[in-house]
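Novice: Got a structure here, written out as structure tokens. Questions coming.
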């Protein structure tokens, strides 16, 4: 019996459906290939740094590691950009793509999880602060080299602590986490890194969920999940920002669901861990109302009270000196030019530049962006503008500071911010100089195209009649 012929036009419909499927399948294979190449580069870096002795001073270690790091970072960032393009322009979505995204995100982080931190020594202070609290001592009370803490010193953690003469700089939210992680696994740098990586993966999951709630493809999470900066700074160096970011994403997710109390508590916890999430407050309050301020302030206040009762104003730790000491300046952009000019007129250029930063942030907060809009995109545009103002005038811009921006780029992609998130890695060249000075050409390469791209994007949106601020693009 001969089969009945297909209705007229059916073959055309099947062909039209098969075309996009073939393209999506091909793009997914390309994405898998890019993931495999990236994984090989992460494994190469892990093997290259495995033999570094733990007792080697970190400055000498960095001098040898930084060139190798940049040699790996550059192709990884190029592969990352191609991957992002495949997802954003190729229309990739669905279960297979999400599985590929999450699977390689985990693999990249595991590749660096077992390596020794070679670009930063911050993680040793996390372990030390946990040890001090386990001994029943307020971490804000004494610097590590104080005689009162001599019985806590060892040969594994103490020699690797940065600024042993300074009291801790980390806020109470971070201290509670240090205390909990230390209680679970004392004196384990690896366990601290594993905790940070677990929180980093939680950030990715929350970001995919936020994208779904906002009606955006969850595959956009690749902007954060596959970024080599996030992988090196969190899985490699174990920076505290990995513990803070899940609370930021949770805040935005709860705001989308109109759960203001929970959102405020999440924002308060994020602020108590790293302080900088306070920059989000003007953007979210402008569009969601002030109801989240009370739970946020209450949680921050309770966390500070848990330490302040024995140390008073010393609960600020090393932070005031850190912000005012010209010697702490790192990778500042236009803010460096401001400080240099002011330095010709005053003996405290860093404090003056910090004052300008505060005034600039207040101006942005007062003016706002797109005040008539209340969607997630408008909120993120204002957040990016606030972070852009911070980057412009801040005297200290470490590479891991750009981690704060990456999740927002999944919601509102920006060529300028993506560029800066890659080129900021060259700021590590400072550690290859005997006088700890970053080459002038490196600063120009890092910042000038960023502002040119931001200006271009601003002009495009202005012509379209949508204004969100120069650095909100």
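In the working numbering, the protein residues as written are 1091 to 1563.
By construction, the Cβ of each residue, glycine as well, lies at the ideal position given by its N, Cα and C atoms.
Only a predicted model underlies this, so the values are computations on that prediction, with no experimental measurement involved.
1. According to DSSP, is residue 1483 helix, strand or coil?
2. Taking the C-alpha atoms as reference points, what is the distance between residue 1292 and residue 1298?
3. Between residue 1515 and residue 1489, is the Cβ-Cβ spacing less than 8 Å?
4. Alpha carbon to alpha carbon, how far is residue 1544 from residue 1413?
5. Entirely within the stretch 1299-1381 and at least 3 residues each: give me those beta strand (DSSP E) ranges in chain order.
6. Can you give the beta carbon distance from residue 1373 to residue 1473, rounded, assuming they're within the 8 Å contact cut?
7. Comparing C-alpha positions only, which one of 1492, 1288, 1420, 1221 sits nearest to residue 1246?
8. According to DSSP, is residue 1408 part of a helix, a strand, or is it coil?
9. Jot down the residue ranges of each uninterrupted alpha helix (DSSP H) in the stretch 1211-1291, minimum 4 residues, whole runs only, in chain order.
10. Please classify residue 1536 as buried or exposed, where buried requires at least 16 other C-beta atoms within 10 Å of its C-beta.
11. Skipping 5 residues on each side, what residues in its chain have a beta carbon closer than 8 Å to that of residue 1168?
12. Rounding to the nearest angstrom, what Cα-Cα distance links residue 1256 and residue 1554 in this structure?
13. Are the CB atoms of residue 1235 and residue 1254 nearer to each other than 8 Å?
14. Let me make sure I understand the geometry here. Which of 1206, 1198, 1231 has the alpha-carbon closest to that of residue 1279?
15. Please classify residue 1534 as buried or exposed, where buried requires at least 16 other C-beta atoms within 10 Å of its C-beta.
16. Which same chain residues end up closer than 6 Å to residue 1107 when comparing Cβ atoms and leaving out the 5 residues on each side of it in sequence?
17. According to DSSP, residue 1420 sits in a beta bridge with which residue or residues?
18. Starting from residue 1187, trace the alpha helix (DSSP H) both ways and give me its first and last residue.
19. Look at residue 1163 and residue 1322 and say whether their C-beta atoms are less than 8 Å apart.
20. Just confirm the distance between the C-beta atoms of residue 1250 and residue 1277, as a whole number of angstroms; I'd bet it's less than 8 Å.
21. Do you know how far the Cα of residue 1140 is from the Cα of residue 1157?
22. Once DSSP output is grouped into helix, strand and coil, what is the label at residue 1495?
Specialist: Looking at the atomic coordinates:
1. In the chain shown, residue 1483 corresponds to position 393, counting from 1. Shown here, residue 1483 sits in a helix according to DSSP, grouped into three states.
2. Locating residue 1292 in the chain shown gives position 202, where the first residue counts as 1. Locating residue 1298 in the chain shown gives position 208, where the first residue counts as 1. Going from the Cα of residue 1292 to the Cα of residue 1298 covers about 10 Å.
3. Position 425 of the chain shown, counted from the first residue, corresponds to residue 1515. Position 399 of the chain shown, counted from the first residue, corresponds to residue 1489. Yes, the Cβ-Cβ distance between residue 1515 and residue 1489 is below 8 Å.
4. Against the chain shown, residue 1544 aligns to sequence position 454. Against the chain shown, residue 1413 aligns to sequence position 323. Approximately 27 Å between the Cα atoms of the pair.
5. None, since the stretch 1299-1381 contains no complete beta strand (DSSP E) of that length.
6. Walking along the chain shown from the start, residue 1373 turns up at place 283. Walking along the chain shown from the start, residue 1473 turns up at place 383. A Cβ-Cβ separation of about 5 Å places residue 1373 in contact with residue 1473 under the 8 Å criterion.
7. Taking the first residue of the chain shown as 1, we reach residue 1246 at position 156. Looking from the CA of residue 1246, the closest CA among 1492, 1288, 1420, 1221 belongs to 1221.
8. Within the chain shown, numbered from 1, the residue matching residue 1408 stands at position 318. When DSSP states are grouped into helix, strand and coil, residue 1408 belongs to the coil group.
9. Counting only runs of 4 or more residues that sit fully inside the stretch 1211-1291, the alpha helix (DSSP H) segments are 1212-1224, 1262-1274, in chain order.
10. On the chain shown, residue 1536 is found 446 positions in, with the first residue counted as 1. In the assembly as shown, residue 1536 is a buried residue. Its beta-carbon has 16 or more other beta-carbons within 10 Å.
11. Translated into positions along the chain shown, residue 1168 becomes position 78. Taking residue 1168 as the centre and dropping the five residues before and after it, the same chain places no C-beta closer than 8 Å to its C-beta.
12. One-based indexing of the chain shown puts residue 1256 at position 166. One-based indexing of the chain shown puts residue 1554 at position 464. Approximately 51 Å between the Cα atoms of the pair.
13. Taking the first residue of the chain shown as 1, we reach residue 1235 at position 145. Taking the first residue of the chain shown as 1, we reach residue 1254 at position 164. Annotated as proximal: residue 1235 and residue 1254, with beta-carbon spacing under 8 Å.
14. Position 189 of the chain shown, counted from the first residue, corresponds to residue 1279. The shortest Cα separation from residue 1279 among 1206, 1198, 1231 belongs to 1206.
15. As a working note, residue 1534 is residue 444 in the chain shown. Residue 1534 comes out exposed.
16. For the purposes of this step, residue 1107 is taken as residue 17 along the chain shown, with counting starting at 1. The predicted position of residue 1107 is uncertain, since its pLDDT is 48 and thus under 50; no value can be drawn from it.
17. Mapped onto the chain shown, residue 1420 falls at position 330. Bridge partners of residue 1420 according to DSSP: 1486.
18. Locating residue 1187 in the chain shown gives position 97, where the first residue counts as 1. Taken as a continuous stretch (DSSP letters only), the alpha helix (DSSP H) holding residue 1187 covers 1185-1203.
19. Stepping through the chain shown from its first residue, residue 1163 is reached at position 73. Stepping through the chain shown from its first residue, residue 1322 is reached at position 232. Contact flag set, yes.
20. Position 160 of the chain shown, counting from 1, holds the residue named residue 1250. Position 187 of the chain shown, counting from 1, holds the residue named residue 1277. In this structure residue 1250 does not touch residue 1277 by the C-beta definition: roughly 12 Å separates them, more than the 8 Å allowed.
21. Start at 1 with the first residue of the chain shown, and residue 1157 comes out as number 67. Start at 1 with the first residue of the chain shown, and residue 1140 comes out as number 50. Answer to the nearest angstrom: the Cα atoms are 16 Å apart.
22. As a working mapping, residue 1495 is identified with position 405 in the chain shown. The three-state reading of DSSP puts residue 1495 in coil, since its state is none of H, G, I, E or B.
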